[in-house]
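K.L.:
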Amino acid sequence: MKTKPAKEEHRPFVTDIQELRRRAREHMEMGAVTSGYNADRETVIRILNEVLATEIVCVLRYKRHYYMATGIHAQAVAQEFLEHANEEQGHADIAAERITQLGGEPNFNPEGLATRSHAQYVEGKSLLDMVREDLVAERVAVESYNEIIRYLGNDDPTTRIAMEQILAKEEEHADDMKKLLETLSKDERFADHS
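First residue of the sequence shown: 12, per the numbering used here; consecutive thereafter.
1. Between which two residues does the alpha helix (DSSP H) carrying Glu99 extend?
2. By DSSP, does Asp166 sit in helix, in strand, or in coil?
3. Can you tell me whether DSSP reads Gln131 as helix, strand or coil?
4. If Ile110 sits next to Pro117, beta carbons under 8 Å apart, how far is it from one beta carbon to the other, in whole angstroms?
5. Between the segment 72-82 and the segment 50-59, do at least 3 Cβ pairs fall closer than 8 Å?
6. Apply the 10 Å Cβ neighbour rule to Ile58 and answer buried if 16 or more other Cβ atoms are within range, or exposed otherwise.
7. Classify Phe92 as buried or exposed, calling it buried when 16 or more other Cβ atoms lie within 10 Å of its own Cβ.
8. Just the Cα atoms here: how many angstroms apart are Leu191 and Asn97?
9. Does the pairing of the segment 127-142 with the segment 61-69 give three or more beta-carbon distances under 8 Å?
10. Nearest to Asp145 by alpha carbon, out of Arg36, His184 and Thr170?
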């Protein structure tokens with residue numbers, strides 16, 4: 012026979028508002044980082060600087076692809092590249108802003124940018140190559156950002172939520188590139204047989 016679990020006692024959400032106010036006045040130089048912040052702040056800043064580098068590399072790759080796109084589908088695909096470049100820049104801004112909120116410094120130094128980035132900067136020779144490389148980079152971002160989100164868990168919900176929003180856009184980008192790759196591959200096969 013099953014027994015019912017003992018009824019849990021409910022406690023108030025905030026037990027001591029005076030204590031909360033007192034703690035808010037301590038270490039005000041830490042800004043948004045309060046005693047309730049449970050993550051390793053230095054590690055989160057390092058990770059966010061890697062995200063920043065990844066997004067900058069993606070902006071640069073998409074911009075190159077935008078300007079280098081040629082062929083029958085170039086105009087439509089180039090517009091997609093430009094849209095993605097602009098959205099990746101927005102992601103870089105989100106990462107940089109969060110780094111400063113955590114008391115860190117965003118690393119925009121071009122030296123080491125490629126080594127800090129999770130994605131690679133691969134130019135691609137043809138429009139098809141460019142789309143392939145962008146899809147690979149988006150898939151890398153999806154995998155690494157998923158890992159970051161799991162790492163953050165509940166220790167830094169603000170950074171986790173920002174990363175979840177960026178991840179959703181990266182998944183959309185990957186889907187866009189997959190569809191373009193399918194279209195371009197099909198057209199390339201037909202072009203080879205004529």
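Beta carbons are placed, not taken as given, at the ideal position from N, Cα and C, and that holds for glycine.
P.N.:
Quick answer:
1. Glu99 -> alpha helix (DSSP H) spans Ala85 to Gln112.
2. Assigned with DSSP and collapsed to three states, Asp166 falls in coil, not helix or strand.
3. Three-state DSSP puts Gln131 in coil, outside helix and strand.
4. Confirmed, about 5 Å.
5. Between the segment 72-82 and the segment 50-59, the count of Cβ pairs shorter than 8 Å is below three; the stretches do not touch.
6. Using a 10 angstroms sphere on the CB of Ile58, the tally of other CB atoms reaches 16 or more, which defines it as buried.
7. So Phe92 counts as buried.
8. Roughly 18 Å separates the two Cα atoms.
9. Yes, the segment 127-142 touches the segment 61-69.
10. Closest by C-alpha distance to Asp145, out of Arg36, His184 and Thr170, is His184.
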